[in-house]
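Residue numbers (this note's numbering): 559 to 790.
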Ligand code: PGA
């Protein structure tokens with residue numbers, strides 16, 4: 559599984575529902591002109607919209623993620639993009655249960671678990687997004703986990719810090735991640751996300767409990783995103 563290669567830190571760009579195809583191409587052009595890769599130090603994962611997966615698939619020294627997946631296998635589910643299709647497009651990872659999916663699309667713990675299962679079946683690593691108040695219930699809904707090494711990453715994202723410019727303070731992040739870890743499988747990897755910028759990334763990357771960062775707004779600027787990676 560991709561995450562068992564144990565890079566020092568994961569840095570994930572979540573482009574959300576931004577970027578037309580020309581905008582994605584422009585991002586890739588700028589980023590590839592400055593990013594030389596950080597083998598063994600950082601795993602850089604890019605999560606564009608479905609419509610731009612084929613553009614990001616070609617970016618050297620990075621891994622590809624989708625932002626969502628169908629909870630169903632291939633079949634008569636109009637509008638759904640399934641895990642097998644993601645695999646075919648080169649995705650190694652996929653976000654599931656982002657708080658925006660929960661808020662705007664009514665996604666539940668059991669739907670998130672079904673999505674994770676579809677991904678596991680295709681050997682795609684789910685990045686399960688969590689907030690503190692439901693982390694335990696969401697992790698319980700994921701069980702039973704497949705055979706170890708279990709292909710799962712978690713991202714702790716306090717909803718009040720997402721897109722607000724107010725990241726949670728690092729000491730609190732460390733406490734909550736350690737708390738969440740009690741409910742996860744042993745040695746699980748947990749990222750932090752919420753208003754990360756090049757100016758604050760180092761404070762989080764230096765925490766041993768934080769396996770990496772999930773970056774939204776700041777990832778839309780390739781220079782800023784590269785500067786975040788360089789904080790490792
Ligand atoms: P933000 O988003 O960096 O804009 O706060 C993070 C996320 O939603 O993953």
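Quick reminder that beta carbons are idealized off the backbone N, C-alpha and C, glycines included.
What you are looking at is a predicted structure, and each value in this text was computed from that prediction instead of being measured.
- Between residue 653 and residue 626 the beta-carbon gap is near 7 Å, inside 8 Å, which marks them as a contact.
- Within its own chain, the residues whose Cβ lies closer than 8 Å to the Cβ of residue 619, once the five positions on either side in sequence are excluded, are 593, 594, 595, 596, 597 and 602, listed in chain order.
- The beta-carbon distance between residue 684 and residue 717, rounded to whole angstroms, is 20 Å. This is too long to meet the 8 Å contact definition.
- In this structure, residue 753 lies near residue 725, with their beta-carbon atoms less than 7 Å apart.
- Between the ligand PGA and the CB of residue 772, the shortest heavy atom gap is smaller than 6 Å.
- The region 604-618 and the region 657-672 do not touch, with fewer than 3 CB-CB distances between them shorter than 8 Å.
- In the structure shown, the three-state DSSP call for residue 572 is strand.
- Residue 597 is not bridged by DSSP to any residue.
- Rounded to whole angstroms, the Cβ separation of residue 739 and residue 748 is 6 Å, and the two are in contact under 8 Å.
- Not one heavy atom of the ligand PGA lies closer than 6 Å to the C-beta of residue 727.
- A distance below 7 Å between beta-carbons, with the five flanking residues on each side excluded, links residue 585 to the following residues of its chain, in chain order: 577 and 780.
- Short note on residue 784: C-beta not closer than 6 Å to any heavy atom of the ligand PGA.
- Rounded to whole angstroms, residue 638 and residue 787 show a C-alpha spacing of 33 Å.
- Between residue 568 and residue 769 the beta-carbon gap is near 6 Å, inside 8 Å, which marks them as a contact.
- For the region 593-653, the continuous alpha helix (DSSP H) assignments of 4+ residues that do not extend past its boundaries occur at 611-614 and 641-646, in sequence order.
- Between residue 624 and residue 649, the beta carbon gap of about 5 Å places them in contact (Cβ cut-off 8 Å).
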